[in-house]
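>
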Amino acid sequence: MNQTVDKGKTLLVDGPASVTVGSGRVEVFGSPVRHTHKIVIREGKRLPFFVAEKTDFDVALGENASVEVVDGDTIPPSWTESLSVLKGLQKKPAVAMIVGKADSGKTSYCTYLINKLLSPKHKIAIIDGDLGQSDIGPPCTVAYAFISKHLTELYSLKAENAFFVGATSPSQAPDKTVEGMALMKTEILGKTPDFILVNTDGWVEGEDAVKYKLRLAEKLEPDTVLCIQRQNELEPLLAVLEKFVKTVVESPSAVKQRGMEKRKNLRELNYAKYMIDAKVRALPLSHLRIEEENVALNKLDEVKGALLGLYDSQRKFLGIGVLHEFDNVRKTLKILTSVSEKPAVVAFGKVRLDKNLRETASSGESEPVRV
Ligand SMILES: Nc1ncnc2c1ncn2[C@@H]1O[C@H](COP(=O)(O)OP(=O)(O)OP(=O)(O)O)[C@@H](O)[C@H]1O
Ligand SMILES: [Mg+2]
């Protein structure tokens with residue numbers, strides 16, 4: 481389908497869809513889109529194509545996809561204004577932590593900031609701390625990446641390293657999540673970045689959530705905390721983060737909201753992405769270090785289907801796996817994984833997946849936690 485959109489308007493596309501830009505000039509989250517370049521919008525996602533010069537689009541829509549033209553730019557002016565805060569930070573590296581509720585636009589805001597900060601002078605890293613809706617590493621991990629070119633979504637980045645938490649929300653493993661994020665930051669610091677952006681999960685409301693975010697901020701010591709707020713849901717958190725420099729920005733009205741079920745589906749698609757062509761591999765226990773307290777390997781009922789994080793001996797994250805079986809006679813773990821290297825460490829997660837890589841009820845994704 482061809483569609484011409486006038487200057488100053490935005491084409492909002494809900495996936496699954498693909499968009500090719502013909503003549504004209506277009507930006508997605510601050511990234512210029514090249515002519516003839518095809519952009520794929522995954523199911524459950526929305527991308528805004530802001531038209532700076534009258535543009536012809538070629539749009540292919542999948543099942544339940546849709547397209548709409550709205551007036552103006554859907555990027556809030558406060559996003560643009562906050563750039564000067566970041567650029568004005570004198571410290572190297574400047575560390576900015578992004579907080580906001582689920583579906584507030586955190587990932588898109590990070591994408592926008594990266595695109596606008598990108599220059600040959602700036603080495604930019606991002607830590608993805610959103611376990612449940614991870615953009616960079618597999619679900620249930622925190623991960624980091626460096627950015628060298630404009631991007632329309634963080635999902636296209638390749639993780640330099642990751643830390644396996646094994647839960648879909650930090651509320652189920654706060655210590656481990658903080659530990660993982662701090663480790664990622666330390667590793668990045670060794671690579672002399674100019675900016676480190678830290679994206680976080682959407683657990684921001686309630687006493688425990690606020691305490692957790694404060695702990696995280698104290699550990700990561702951001703130079704500024706960028707807070708995306710829709711109404712006043714971040715007020716208690718803002719009060720607790722009193723000693724930090726904060727900037728509040730708007731949550732765009734064009735954000736696409738997703739329910740718990742949709743989020744779970746998106747996560748399951750993401751497990752599948754990291755388990756492509758997975759095979760069952762037998763690993764002798766004698767050559768492995770098992771991480772996680774209270775793993776009763778002899779109680780297969782309890783551990784079968786456990787999501788696993790695999791590392792090499794240098795603690796480089798290799799990928800995820802799922803426990804298929806424990807052979808008590810041969811003392812071997814049988815793991816379904818697409819990792820071909822030999823892991824030295826296997827970390828057990830709380831999440832359980834069935835044979836279709838669907839999360840089972842015992843995955844502990846209990847309310848009121850939204851991930
Ligand atoms: N300014 C915008 N204009 C149009 N669509 C937007 C805008 N900001 C975000 N979106 C879309 O809304 C959806 C949710 O945004 P995003 O993923 O950035 O939120 P999030 O807070 O990171 O969500 P999560 O809690 O799932 O991590 C995405 O599909 C995104 O592309
Ligand atoms: Mg996100």
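So the sequence shown is numbered by this note's numbering: it starts at 481 and just counts up by one. Glycine residues also receive a C-beta, built at the ideal position from the N, C-alpha and C atoms. Quick caveat, the model's predicted, so the values are computed rather than measured.
1) Closer than 7 Å is what we want: which residues have a beta carbon that near any heavy atom of ligand 2? List them in chain order.
2) Is the CB-CB distance between T621 and F644 below 7 Å?
3) List the endpoints of the continuous beta strand (DSSP E) containing R505.
4) To the nearest angstrom, how far is it from the Cα of Q613 to the Cα of R747?
5) Tell me, please, whether the stretch 545–557 touches the stretch 622–634 by the rule of three or more beta-carbon pairs shorter than 8 Å.
6) Please tell me whether V728 and C707 are closer than 7 Å, where the distance is taken between their beta carbons.
7) Do A762 and ligand 1 come close, with the Cβ less than 6 Å from some heavy atom?
8) Assuming M661 contacts I607 under a Cβ cut-off of 8 Å, what Cβ separation, rounded to an integer in Å, is found between them?
9) Which word fits L634, buried or exposed, when buried means at least 16 other C-beta atoms lie within 10 angstroms of its C-beta?
10) Going by DSSP in three states, G844 sits in which element: helix, strand or coil?
11) Could you have a look at H767 and say whether DSSP puts it in helix, strand or coil?
12) Buried or exposed: P853, going by 16 or more other Cβ atoms within 10 Å of its Cβ?
13) For F509, which option in T490, E771, A605 has the closest C-alpha, if you only look at C-alpha atoms?
14) What is the DSSP secondary structure of M577, reduced to helix, strand or coil?
15) Looking at C-alpha atoms only, which residue of E839, R710, K596 is the closest neighbour of E741?
16) DSSP three-state call for Q652: helix, strand or coil?
17) Any heavy atom of ligand 1 inside 6 Å of the beta-carbon of V513?
18) Exposed or buried, what is S516 when buried is set at 16 or more other beta-carbons lying within 10 Å of its beta-carbon?
19) Give the straight-line distance between the Cα atoms of T484 and V501, rounded to the nearest whole angstrom.
20) State the beta-bridge partners of K911 as determined by DSSP.
21) Ignore the nearest five residues each way along the sequence and tell me which others in T812's own chain have a CB closer than 7 Å to its CB.
22) In this structure, how does DSSP classify I627 when only helix, strand and coil are distinguished?
23) Report the three-state DSSP secondary structure of A719 (helix, strand or coil).
24) Report the residue from Q652, L694, A497, E698 whose alpha carbon sits nearest the alpha carbon of L714.
25) Under three-state DSSP, which class holds V851?
26) Please state whether the Cβ-Cβ distance between G568 and E523 is less than 7 Å.
27) Please classify S546: does DSSP put it in a helix, a strand, or coil?
28) Using a Cβ-Cβ cutoff of less than 8 Å, which residues in the same chain neighbour V678 once the five nearest sequence positions on both sides are dropped?
29) Report the residue from D583, K572, N712 whose alpha carbon sits nearest the alpha carbon of K603.
30) I need the DSSP call for T672, collapsed to helix, strand or coil.
31) Say yes only if the C-beta of A642 is nearer than 6 Å to one or more non-hydrogen atoms of ligand 1, and no if none qualify.
Short version:
1) Counting only residues whose CB is nearer than 7 Å to a non-hydrogen atom of ligand 2, the list in chain order is K586, T587, D610, Q613, D615, N679.
2) Counted from its first residue, the sequence shown places residue 621 at position 141. Counted from its first residue, the sequence shown places residue 644 at position 164. Yes, these two residues count as a Cβ contact at 7 Å.
3) As a first step, residue 505 is located in the sequence shown; it is residue number 25 there, counting from the start. From DSSP, the beta strand (DSSP E) with R505 extends over 505–508.
4) By one-based count along the sequence shown, residue 613 stands at place 133. By one-based count along the sequence shown, residue 747 stands at place 267. So the alpha carbons of these two residues sit roughly 6 Å apart.
5) no
6) For the purposes of this step, residue 728 is taken as residue 248 along the sequence shown, with counting starting at 1. For the purposes of this step, residue 707 is taken as residue 227 along the sequence shown, with counting starting at 1. Against a cut-off of 7 Å, the Cβ pair of C707 and V728 comes out as a contact.
7) The count along the sequence shown starts at 1 and reaches residue 762 at position 282. Not so, every heavy atom of ligand 1 lies at least 6 Å from the Cβ.
8) Here residue 661 refers to the residue found at position 181 of the sequence shown. Here residue 607 refers to the residue found at position 127 of the sequence shown. Yes, they are in contact, since the Cβ atoms of M661 and I607 sit about 6 Å apart, within 8 Å.
9) By one-based count along the sequence shown, residue 634 stands at place 154. By the neighbour-count rule (16 or more Cβ atoms within 10 Å), L634 is buried.
10) The residue you call residue 844 lines up with position 364 of the sequence shown. Per-residue confidence for G844 stands at a pLDDT of 46, beneath the threshold of 50, marking its modelled position as unreliable; the derived number appears in the next sentence. When DSSP states are grouped into helix, strand and coil, G844 belongs to the coil group.
11) Start at 1 with the first residue of the sequence shown, and residue 767 comes out as number 287. Three-state DSSP puts H767 in a helix.
12) No answer is possible for residue 853: it lies beyond the span of the chain, which begins at 481 and ends at 851.
13) Stepping through the sequence shown from its first residue, residue 509 is reached at position 29. Measuring from the Cα of F509, the nearest candidate turns out to be T490.
14) In the sequence shown, residue 577 corresponds to position 97, counting from 1. Strand at M577.
15) In the sequence shown, residue 741 corresponds to position 261, counting from 1. It is E839 whose Cα lies nearest to the Cα of E741.
16) Locating residue 652 in the sequence shown gives position 172, where the first residue counts as 1. If DSSP states are grouped into helix, strand and coil, Q652 belongs with the helices.
17) Against the sequence shown, residue 513 aligns to sequence position 33. The answer is no for V513.
18) Locating residue 516 in the sequence shown gives position 36, counting from the first residue. For the sequence presented, residue 516 should be read as Thr rather than Ser. Exposed, because fewer than 16 other Cβ atoms sit within 10 Å of the Cβ of T516.
19) Along the sequence shown, read from residue 1 onward, the residue named residue 484 stands at position 4. Along the sequence shown, read from residue 1 onward, the residue named residue 501 stands at position 21. Taking the straight line from one Cα to the other gives about 10 Å.
20) The shown model of the chain, from 481 to 851, leaves out residue 911, and the question about it has no answer.
21) Residue numbering aside, residue 812 sits at position 332 when the sequence shown is read from its first letter. Contacts found: A762, L763, P764, L765.
22) What you label residue 627 is simply residue 147 of the sequence shown in a count that begins at 1. Looking at I627 - three-state DSSP - the assignment turns out to be strand.
23) Position 239 of the sequence shown, counting from 1, holds the residue named residue 719. Note: A719 maps to helix in three-state DSSP.
24) Here residue 714 corresponds to residue number 234 of the sequence shown, with the count starting at 1. The candidate whose alpha carbon is nearest that of L714 is L694.
25) On the sequence shown, residue 851 is found 371 positions in, with the first residue counted as 1. With a pLDDT of only 33 at V851, under the threshold of 50, the placement of this residue in the model should not be trusted, and no figure is reported.
26) For the purposes of this step, residue 568 is taken as residue 88 along the sequence shown, with counting starting at 1. For the purposes of this step, residue 523 is taken as residue 43 along the sequence shown, with counting starting at 1. No; because the gap between Cβ atoms is not below 7 Å, this pair is not in contact.
27) Along the sequence shown, one-based indexing puts residue 546 at 66. In this structure, S546 counts as strand in the three-state DSSP scheme.
28) Within the sequence shown, residue 678 is the residue found at index 198, counting from 1. So the qualifying residues of the chain are V575, A576, M577, I578, I606, I607, G609, M661, K665, L700, P702.
29) By one-based count along the sequence shown, residue 603 stands at place 123. The shortest C-alpha separation from K603 is found at K572.
30) Residue 672 sits at position 192 when you count from the first residue of the sequence shown. Of the three classes helix, strand and coil, the one that applies to T672 here is coil, per DSSP.
31) Locating residue 642 in the sequence shown gives position 162, where the first residue counts as 1. Checking every heavy atom of ligand 1 against the Cβ of A642, none is found closer than 6 Å.
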